[in-house]
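In what follows, a structure is listed as structure tokens, so that the remarks can point back to it.
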Amino acid sequence: MLEFGLDENYVMILYNNNPIITDIFLRSQDRKTLQESNNQKEMDALVRRFITQVKQAIGDFETKYEKRIRNLKVVSNLVKVEEYLASFRKNLLNTGFNLFDPIKDLKIPQHLEESVNVQNRSYFSTVIGLAFRKLDVFGYYKFVTAVKNINLLPNRQNMMAKKRMKVFSNFAFKGIVGAVTAIYLAFFGLSFWNINQYNQKLVNYDKVVSDHKLKTVEKKKVAKELGKIKKTLNLSKTITSKKKISYRILAQIASSVPKRVRFESINYNGGSRVVLKGQAFSDQDILNLIEKILESKNLNLKKHR
10 MLEFGLDENY
20 VMILYNNNPI
30 ITDIFLRSQD
40 RKTLQESNNQ
50 KEMDALVRRF
60 ITQVKQAIGD
70 FETKYEKRIR
80 NLKVVSNLVK
90 VEEYLASFRK
100 NLLNTGFNLF
110 DPIKDLKIPQ
120 HLEESVNVQN
130 RSYFSTVIGL
140 AFRKLDVFGY
150 YKFVTAVKNI
160 NLLPNRQNMM
170 AKKRMKVFSN
180 FAFKGIVGAV
190 TAIYLAFFGL
200 SFWNINQYNQ
210 KLVNYDKVVS
220 DHKLKTVEKK
230 KVAKELGKIK
240 KTLNLSKTIT
250 SKKKISYRIL
260 AQIASSVPKR
270 VRFESINYNG
280 GSRVVLKGQA
290 FSDQDILNLI
300 EKILESKNLN
310 LKKHR
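Take the sequence shown: its letters are residues 10 to 314, numbered as in my numbering.
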């Protein structure tokens, strides 16, 4: 790593997690030349002095550790840094000089992309380094108060709390949605099952309706016959005689009753007299009753008005 600019100038080589730093000396006149960069002769002289020191630092490292350095990542805040890098490459042919891009492997929020979309992003290195200083493998921030007290992420704890809350909320929301979905699916499944069961039961619906109609007709017939039987039984209760002939007389009279005649009472003295009391729709109905009763040769009854 090569720092090249108005403030600091040094070569840092990281070897086995240990930084080897060599300062590069610049005169005050050299700093003025860097700032103005309008005199090519002075610029070339500055580059030669600068590269000589860089070459010396690299040579010392290669001699001591027997490791070859092929490329240097350059960090600079100079406007015309590319012009100086071209001169560096000419003066040190076997070594590459490229601007360091600390944001290359970082995920930048969309609303900040435009702010960092510049040609030379190497000068962001210090800021990013301080922001992530606690990831420093050297623990340098622990021993330097100025670095220790710098906090470029003042809302980091709040942001972490919000993210945890967001994750929990998302998890809870997904859980609730999943539970509601499961309940609805259970209800839908139960509904479909009930519908299927009902459909199976309705397969013979037409046959059941037809049987119901037939049974209804049969029921009416049975009810009619039952009504006649009950009527006969009710009439039998009004007979005072207990002899067998009483039933035959009652049966003969009951079978002779027209539709529009209704008895209120029957009195039989046990002999040859039966008194009938009731109502008729017309006199003709009464005459029909008398005629039917008189048709029986076994009965000799008189009408009582």
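Quick reminder that beta carbons are idealized off the backbone N, C-alpha and C, glycines included.
Taking the Cβ atom as the reference point for each residue, do residue 107 and residue 129 lie within a distance shorter than 8 angstroms? Taking 8 angstroms as the Cβ cut-off, residue 107 and residue 129 do not qualify as a contacting pair.
For residue 87, which of 41, 74 and 118 has the nearest alpha-carbon? For residue 87, the nearest C-alpha among the options comes from 41.
Are there 16 or more other CB atoms within 10 angstroms of the CB of residue 227, so buried, or fewer, so exposed? Classification for residue 227: exposed.
Backbone secondary structure at residue 21 - three-state DSSP: The answer is strand: DSSP assigns residue 21 an E or B state.
Do you know offhand how far residue 283's Cα is from residue 223's? Our two residues, residue 283 and residue 223, have alpha carbons roughly 43 angstroms apart in a direct line.
For residue 43, count neighbouring Cβ atoms within 10 angstroms of its own Cβ and tell me buried if that reaches 16, exposed if not. So residue 43 counts as buried.
Would you please state the rounded distance, in angstroms, between the beta carbons of residue 112 and residue 70? I believe it to be under 8 angstroms. Rounded to the nearest angstrom, the Cβ distance from residue 112 to residue 70 is 28 angstroms, too far for a contact under 8 angstroms.
Going along the chain, which residues of its own chain have a beta-carbon closer than 8 angstroms to the beta-carbon of residue 18, five neighbours each way excluded? Within the same chain, 12, 32, 33, 34, 35 and 59 come within 8 angstroms of residue 18 by CB-CB distance, once the 5 residues on both sides are set aside.
Just to confirm, are residue 302 and residue 274 a CB contact at a threshold of 8 angstroms? Taking 8 angstroms as the Cβ cut-off, residue 302 and residue 274 do not qualify as a contacting pair.
In the DSSP assignment, what are the bridge partners of residue 11? Residue 11 is bridged by DSSP to 20 and 83.
Bridge-paired residues (DSSP) for residue 289: Looking at the DSSP assignment, residue 289 forms a beta bridge with 270.
Would you report the Cα separation of residue 37 and residue 61, rounded to the nearest angstrom? Whole-angstrom Cα-Cα distance: 18 angstroms.
Reduced DSSP category for residue 69 - H, G, I as helix; E, B as strand; rest coil: Reduced to three states, the DSSP call for residue 69 is helix.
Have a look at 186, 110 and 235 and flag the residue whose alpha-carbon is nearest the alpha-carbon of residue 127. For the residues 186, 110 and 235, the minimum Cα distance to residue 127 belongs to 110.
Quick check: does the Cβ of residue 232 come within less than 7 angstroms of any heavy atom belonging to the ligand GTP? With respect to the ligand GTP, the structure offers nothing, as it holds no ligand at all.
Determine which residues share a DSSP beta bridge with residue 105 and list them. According to DSSP, residue 105 bridges with 80.
Give the C-beta separation of residue 56 and residue 93 to the nearest angstrom, bearing in mind that I take them to be a contact with Cβ-Cβ under 8 angstroms. The distance from the Cβ of residue 56 to that of residue 93 is about 6 angstroms, consistent with a contact at the 8 angstroms cut-off.
What does the Cβ neighbour count give for residue 66, buried or exposed, with the cut at 16 atoms within 10 Å? Answer is buried; the Cβ neighbour count reaches 16.
Got a sec, what are the start and stop residues for the beta strand (DSSP E) residue 32 sits in? Boundaries of the beta strand (DSSP E) harbouring residue 32: 27 to 32, taken from the DSSP string.
May I have the straight-line CA-CA distance separating residue 136 from residue 181, to the nearest angstrom? Answer to the nearest angstrom: the Cα atoms are 37 angstroms apart.
For residue 137, report the span of its alpha helix (DSSP H) as first-last. Counting along the chain, residue 137 sits inside the alpha helix (DSSP H) bounded by residues 134 to 140.
Please confirm whether residue 124 and residue 85 have their CB atoms less than 8 angstroms apart. Not closer than 8 angstroms, so no.
By a C-beta neighbour count over all protein chains shown, 10 Å radius and 16 as the cutoff for buried, is residue 314 buried or exposed? Note that residue 314 has pLDDT 44, beneath the 50 cutoff, so the model's placement of it is unreliable and the number below is only indicative. Exposed is the call here.
Per DSSP, the bridge partner or partners of residue 276: In DSSP, residue 276 forms a bridge with 284.
Would you mind reading off the limits of the alpha helix (DSSP H) that contains residue 128? For residue 128, no alpha helix (DSSP H) segment is defined, and its DSSP state is neither H nor E.
Let me know the secondary structure DSSP gives residue 41 once reduced to three states. In the three-state scheme derived from DSSP, where H, G and I count as helix and E and B as strand, residue 41 is classed as helix.
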